[in-house]
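To convert a position in the sequence shown, counted from 1, into our numbering, add 3. Working notes for the structure below.
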Amino acid sequence: MKYYRYLDLDYQSVVKKVYSYLEEYFDRDSFFVPLPTEDILSKFPEIQKSLDPLNLHVSECAIIVYNNSWHNFIHIDDPTDSSRINFPVLNCEKSKTNFYKLKDGKTTRTDAEGELSNVLYALPEDCDLVDSFCLNKAAVLRTNVLHNVVCDPEIKYRISLTLKCKENIDYLLE
Ligand SMILES: [Fe+2]
């Protein structure tokens with residue numbers, strides 16, 4: 004089982020085209036910002052076209068907005084959503100995505116009342132680092148395992164475009 008895999012997709016021309024459209028969402032409070040998928044796919048057919056070599060079809064687009072103040076906690080985004088395709092948009096080359104395994108006897112936690120909402124998370128001391136990569140090109144990554152993103156302290160935002168597909172894409176990580 005792989006935690007991530009780089010994909011040989013033409014993400015650069017996609018990002019160039021959609022950048023100014025995405026920009027108005029950079030400042031949102033949430034770190035997972037769903038985009039109006041139908042609208043963005045019709046305005047920018049390049050997004051779907053970029054996945055044509057893999058025969059995959061986009062069902063949802065969102066951006067992930069990270070900064071170091073509170074998004075570097077170790078978490079699982081959504082246990083029902085096992086993997087996603089991410090394109091680097093801004094400052095991703097100055098970040099690292101780390102994957103973790105719980106140490107024996109340790110468990111994930113929820114914080115329904117607090118700022119982490121329903122996201123499952125784990126304490127750093129309960130985890131072992133198992134893999135790590137830099138999203139400096141298109142990649143598929145596992146989102147139903149514990150992970151975090153750590154950014155260089157000087158950057159304000161780290162933005163990635165995340166694509167959910169109609170098809171199950173877990174085979175890309177086998
Ligand atoms: Fe995440």
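Note that beta-carbon positions come from the ideal geometry of N, C-alpha and C, so glycine has one too.
Shorter than 7 Å, the distance from the beta carbon of Thr146 to the closest heavy atom of ligand 1, or not? True, at least one ligand heavy atom lies under 7 Å from that Cβ.
For the alpha helix (DSSP H) that contains Pro48, what are its first and last residues? First-last of the alpha helix (DSSP H) with Pro48: Pro48 to Leu54.
Let me know the secondary structure DSSP gives Cys137 once reduced to three states. Assignment of Cys137 by DSSP, reduced to helix, strand and coil, places it in the coil class.
So, is Ser33 buried or exposed, given that buried needs 16 or more other C-beta atoms within 10 angstroms? Ser33 is exposed by the Cβ-count criterion.
DSSP three-state label for Thr199, please. Absent from the model: residue 199. The displayed extent of the chain is 4 to 177, so no value can be given.
Look at the Cβ atom of Ser163, then the Cβ atom of Cys95, and state whether they are nearer than 8 Å. Ser163 places its beta carbon less than 8 Å from that of Cys95.
Would you report the Cα separation of Gln15 and Leu138, rounded to the nearest angstrom? Answer to the nearest angstrom: the Cα atoms are 13 Å apart.
Lys20 - containing alpha helix (DSSP H), residue span: Tyr14 to Glu26 is the span of the alpha helix (DSSP H), which, as asked, contains Lys20.
Going by the DSSP bridge assignment, what does Arg145 pair with across the sheet? Looking at the DSSP assignment, Arg145 forms a beta bridge with Ser86.
Cβ-Cβ separation, Ile88 to Leu10 (assumed contact under 8 Å), whole Å: Between Ile88 and Leu10 the Cβ distance is about 7 Å, and since that is below 8 Å, they are a contact.
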